Amino acid sequence: MNEKLYKTLANTGAGSLAMGIVVLVTGMVVGVLMIINGVTLLVRKKDIMF
Numbered sequence: 020m021n022e023k024l025y026k027t028l029a030n031t032g033a034g035s036l037a038m039g040i041v042v043l044v045t046g047m048v049v050g051v052l053m054i055i056n057g058v059t060l061l062v063r064k065k066d067i068m069f
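Residue numbering for the sequence shown is 20 to 69, as defined by my numbering.
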């Protein structure tokens, strides 16, 4: 009975760790893309007319 519990906890921990890494990497990629887009807007600021 205890072995099932430990296996379940180990699988849950590994899954949570994997999801955390995916979320971290995704957040970093989105952040870099937002910075690049912001710099592009600042560089082309003179071309924007309202």
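Note that beta-carbon positions come from the ideal geometry of N, C-alpha and C, so glycine has one too. Model, not experiment: these values are computed from the prediction.
Per-residue DSSP class, three states only, for residue i
i	result
Thr-67	Contrary to the premise, residue 67 reads as Ile rather than Thr in this sequence. Ile-67 falls in the coil class under three-state DSSP.
Met-20	coil
Rounded straight-line distance, which links the Cα of residue j to that of residue i
i	j	result
Asn-30	Gly-39	14 angstroms
Ser-35	Val-62	41 angstroms
Ile-67	Val-58	14 angstroms
Lys-64	Leu-52	18 angstroms
Ile-54	Val-42	18 angstroms
Asn-56	Gly-46	15 angstroms
Chain-order list of residues whose beta-carbon lies under 7 angstroms from that of residue i (same chain, five-residue window excluded)
i	result
Gly-50	none
Sequence-distant residues of its chain with Cβ nearer than 6 angstroms to residue i (five each side left out)
i	result
Asn-21	none
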